[in-house]
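Before any comments, here is the structure.
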Amino acid sequence: MVDHPSDSHTIARYESTGGYAQGRRALGLTRDELVEEIKTSGLLGRGGAAFPAGLKWSLLAPARPAYLVVNADESEPGTFKDRQLLERDPHQMIEGIIITSIANEVHTAFVYIRGEYPKSARRVQAALDEAYAKGYLGSGIFGSDYDLEAIVHLGGGAYICGEETALINSLEGKRGEPRLKPPYFPAAKGLYMMPTIVNNVETLSNLPHILAMGAGEFAGLTGSADTGTFMMSLSGHVSRPGNYELAHGITWRELIYDIGGGIPDAKKLKAWIPGGASAPWFVPEEHLDLEITKDATAAAGSMLGSGAVIVMDEDTCMVRAAERVIRFFAHESCGQCTPCREGTTWLEMILRRIEEGQGRAVDLDLLVDVSDGISIGLAWPPKMTTICPLGPSAVSPIIALRDYFRDEVDSHVSNGGCPFAVKSGGAIPQTPRSLDGQNSSVEGRSSDPIASDLNRAAGEQE
Amino acid sequence: MSRWSEGTQERARQIIARYPEKRSAVMPLLYLAMSEEGYLTGDGMEEVGRWCEITPAQVLSVASFYTMYKRERTGQYLVSCCTSITCMLLGGDDVLHAVEDESGVPHGETDDDGLLSVEHVECIGACGGAPAVQVNYELIEGVSPEKARQLIRWLESARPEVVNSDEMQALFGARRSFDWAISEVNGATGPYPAFQPLGTVGSEVAD
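So the protein sequences, as listed, match chains C and P. Here the working numbering is used: the first residue of the first sequence is 1, the next is one more, and so on. Here the working numbering is used: the first residue of the second sequence is 1, the next is one more, and so on.
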C-alpha cells in the first residue's frame with residue numbers, strides 16, 4: 001500500500017507528480033480527439049449508473065452556452081469515496097473539470113457538494129483558489145484565450161439531488177425533484193435548459209490519468225471487460241473498513257476476506273450489499289466467488305452502483321437492516337410519484353411493526369405486494385413506475401427477505417418480536433425529523449389511524 | 001430596506017453575481033439568512049425572496065424540501081447522530097440514545113436554553129468510521145456511547161464559540177473512514193455548515 005502524502009491536497013504536491021500537464025495538453029486537442037480517447041478508455045461513470053463517460057460527452061447537443069455540473073452530492077448509504085477524493089486530492093478532480101470543459105466547450109462549471117460535507121467544500125474551494133492564482137482557472141487558462149470559471153455550490157441535505165436532473169433543478173434554485181426524461185435529458189435540456197454534462201467526482205478524477213497513460217493502457221489495467229480501476233467504500237462488519245482503489249475482476253471473497261480482513265471476532269458472513277443501499281443484497285452461499293464486474297453483478301441480479309459494500313455478520317437482524325435501508329428511501333423520496341412516496345412509507349411501517357413484535361403472518365407477502373406496486377415483478381433492472389429510480393431501488397431489501405431470510409421474518413412474527421433484540425440497539429429511532437418544520441414524516445402519520453389502516457390492509461390480504 | 005447587516009448584504013450581492021440566474025443563489029442565501037438569525041425565520045425567507053426576485057412561497061418551497069434549512073428555533077449546537085444502515089450495524093442507535101439521555105433532549109427537539117438540538121440523520125458519508133456524529137456539520141468518526149456522553153458534557157461546559165472536526169475527533173472520536181492527514185482550523189459558529197462561497201471559508205478556532 002502506498003502512503004498518501006499529507007500535503008496531497010496542495011497544488012505544489014499535485015504538480016510535482018505531473019499534475020495539470022494533461023489539462024494544459026487538452027487545450028491543443030480537438031473535441032473529437034478527446035471524446036474518442038475517453039470512449040476508447042471504456043471509462044464508466046462512477047456515480048452509480050455506470051453510464052459510459054465518453055458516450056455521455058458525445059451526446060451533448062450543439063447549442064451554447066453548455067455547462068458542466070460536478071456531482072459531488074455523495075449520499076448513497078455506505079458511500080464515502082468521493083469525500084476522500086474531494087478532501088485529499090481535489091486538484092485531480094479540478095484537472096478533470098478542465099479537461100471535460102475543454103472537450104465540451106464549457107466555460108462555466110459548478111461543483112455541487114452535499115451540504116453535510118462542509119470540510120470537503122472548504123478543501124475544494126481552497127484548491128480552486130490555488131488554481132485560479134496560478135492561472136489554471138479564470139480568464140485565459142494556461143495562457144490561452146480559453147476562459148473557465150468553477151463555482152462551488154453547497155447542497156441542502158437531500159439524497160435525491162444526486163439524481164442528475166434533480167441536481168440541476170436544485171442548482172436552479174428549485175426543489176430537488178427529478179425531471180422527466182424525455183424531454184429533459186441534461187445533454188440537451190439541462191441547466192437553464194442548455195446542454196449540460198453531469199459527471200461524478202471519481203469519474204472526473206480518472207481523466208488526467210487516462211490522458212497521461214493513454215486510453216489503451218488504462219483499458220488494459222484489468223483483465224476483465226470493465227476497464228481501469230474503481231473506488232470501493234467498504235464498511236459494516238469487516239475488520240478493515242475504508243476506501244480501496246481496485247482493479248475490476250477480483251471476487252467478493254477476495255474483497256471481504258483478503259482486503260477487508262474478514263468479519264471481526266471470527267463471525268460468519270450473513271449478507272452484504274454490493275453497491276450502495278439501492279442494490280439488491282448478496283449472500284455467501286450464492287455470490288461470494290462472483291467476479292466484481294458490472295456484467296457479472298448484473299447477471300446475479302444486482303449492481304455495483306456507487307461502489308459501497310456494506311457487510312453484515314451472522315448476528316445482524318435482517319428485518320432491522322431492511323427497515324433501516326427502506327427508512328432511508330422513505331425519508332429521501334421527493335414525493336412526486338405516488339408509488340415511491342406511499343410505497344416506501346408503508347414498507348417502512350410494516351417492517352417496523354414486525355421488528356417491534358406486532359408482525360402478522362401475512363406481512364412478508366404484504367411487503368412483496370407493496371413492493372410490486374413500486375417495482376413491477378421486482379425485476380432487475382427494475383421496471384420503472386416512477387420518474388427516477390429511487391422508488392424502484394427501495395425494494396431491494398424486500399427481495400432479500402423474500403428469497404433468503406423468510407424464516408427470520410417468520411420467527412419475528414411467531415416470537416412476537418426481534419430475536420436479536422438485545423444486540424440491536426434498543427428501540428428503533430423514529431424516522432428522522434430534523435427541525436426543518438416538516439410534519440409530513442412517517443412519525444407524524446404513524447398514529448393509530450394508520451395502524452388500523454395497516455391492519456385492515458393485512459386483513460384484506462388474509 | 002434589507003434587514004441584513006451591510007456585510008451580509010455585500011456577500012449576498014457577490015454570491016448572486018456568480019450565477020447566470022439570480023434564483024440559483026437561493027440555497028447559499030438561505031444559509032446566509034440562517035447565519036444572521038440562527039435559524040430560518042419567515043422574515044429571513046422573505047428577504048431571500050427579495051434578493052433572488054422570487055416569491056416567499058417559492059423560497060419556502062425550496063427551504064422545506066431540504067433537511068438542513070431549519071425553520072424552527074435551533075440550538076447553538078446541532079448534534080446530528082447517524083442512524084443509517086452502516087452506523088446502525090455498528091451501534092449508531094446506542095449513540096443516539098446516549099446523546100438523548102445525557103442531554104435530556106429527544107431527537108427532533110431543542111433544549112429550553114437554546115444550547116443543544118438533537119437529531120438523527122441519514123448517511124453522512126462516514127461509514128468507514130461508523131458510528132458517526134456531527135456537531136454543526138463538523139464530523140466526528142468512531143464515536144462510542146460513552147464518548148457521545150462526554151461530547152454532550154463538553155459542549156455544555158466548554159461552550160466553544162467555534163466547533164471544529166479535528167478538535168472534536170481528537171477528544172471524542174476513534175477510527176476514521178480515511179486518514180484526514182491535514183490539520184484544519186476552520187469550524188462552525190452555528191447550526192449551519194461552515195462554508196461560504198467566494199473563497200472565505202468557515203471561522204478559525206482561536207488558540
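Where is the CB? At the ideal position from N, CA and C, for every residue including glycine.
Counting along the chain, the unbroken beta strand (DSSP E) around M312 of chain C starts and ends at A308 to D313. By the Cβ rule, the stretch 116-130 of chain C does not count as touching the stretch 143-157 of chain P, because fewer than three pairs are nearer than 8 Å.
Residue C:L43 holds the alpha-carbon nearest to the alpha-carbon of H248 of chain C among C:L43, C:L34, C:L27 and C:R31. Taking a Cβ-Cβ cut-off of 8 Å, the neighbours of Y192 of chain C in chain P comprise P20 and E21, given in sequence order. Two segments are said to touch when three or more pairs of C-beta atoms, one from each, lie closer than 8 Å; by this definition the stretch 60-76 of chain P touches the stretch 106-113 of chain P. As DSSP reads the structure, V368 of chain C sits in no beta bridge. With a cut-off of 8 Å on Cβ pairs, the stretch 298-312 of chain C is in contact with the stretch 75-87 of chain C, counting three or more such pairs. For L347 of chain C, the closest C-alpha among the options C:G357, C:C334 and C:D363 is that of C:D363. For G416 of chain C, the CB contacts under 6 Å within the same chain, skipping 5 residues up- and downstream, are G357 in chain order. Around the beta carbon of P90 of chain C, a 10 Å sphere encloses 16 or more other beta carbons of the protein chains shown; the residue is thus reported as buried.
At least 9 Å separates the beta-carbon of M68 of chain P from that of P56 of chain P. By the neighbour-count definition (other C-beta atoms within 10 Å, threshold 16), P274 of chain C is a buried residue. I354 of chain C sits away from V309 of chain C, with the two beta carbons spaced by 9 Å or more. Per DSSP, the unbroken beta strand (DSSP E) holding H107 of chain C starts and ends at V106 to I113. Listed in chain order, the positions of the stretch 125-155 of chain C with a beta carbon within less than 9 Å of a beta carbon of chain P are Q125, A126, L128, D129, Y132, E149, I151, V152, H153, L154 and G155.
H209 of chain C sits in a helix when the DSSP states are folded into three classes. From the listed residues C:Y117, C:Y136, C:P284 and C:F420, the smallest Cα separation to Y159 of chain C is found for C:Y117. Shown here for G91 of chain P: same chain residues with a beta carbon closer than 6 Å to its own, the five before and five after excluded, namely P131 in chain order. Rounded to whole angstroms, the Cβ separation of V99 of chain P and C81 of chain P is 6 Å, and the two are in contact under 8 Å.
For Q134 of chain P, the enclosing beta strand (DSSP E) covers residues A132 to V135. The secondary-structure analysis by DSSP pairs A400 of chain C with nothing; it has no beta-bridge partner. Within chain C, the C-beta atoms nearer than 7 Å to that of V62 of chain P come from G173, K174 and R175, in chain order. Counting of Cβ neighbours within 10 angstroms places P241 of chain C among the buried residues, the total reaching 16 or more. Apart from the 5 residues on each side of it in sequence, L246 of chain C sits with its Cβ closer than 7 Å to the Cβ of T229, F230 and M232 in its chain, given in chain order. Using a Cβ-Cβ cut-off of 9 Å, C334 of chain C counts as an interface residue toward chain P, since at least one Cβ of chain P sits closer than that to its own. In terms of beta-carbon proximity, T165 of chain C stays away from the interface with chain P, with every pair separated by 9 Å or more. Distance from the CA of R50 of chain P to the CA of Y192 of chain C, rounded to the nearest whole angstrom, comes to 21 Å. Contacts between S233 of chain C and chain P, judged by CB atoms closer than 7 Å, involve C127 and G128 in chain order. In this structure, DSSP gives A361 of chain C a state outside helix and strand, which the three-state scheme calls coil.
Distance check between Q84 of chain C and each of P:D43, P:P106, P:R18 and P:I182 places P:I182 closest, using alpha-carbon atoms only. By the C-beta criterion, the stretch 35-52 of chain C is judged not to be in contact with the stretch 169-185 of chain C, since fewer than 3 inter-stretch pairs fall below 8 Å. Linking V201 of chain C to E95 of chain C through their CA atoms gives a straight-line distance of about 11 Å.
Around G242 of chain C, the beta-carbon contacts reaching into chain P at under 7 Å are G128, S177 and F178. The C-beta separation of A225 of chain C from T293 of chain C comes to about 6 Å, placing the pair in contact by the 8 Å criterion. Under a criterion of Cβ atoms nearer than 7 Å, the residues of chain C adjacent to F65 of chain P are, in order, A158, R175 and G176. Distance from the CA of A427 of chain C to the CA of G391 of chain C, rounded to the nearest whole angstrom, comes to 26 Å.
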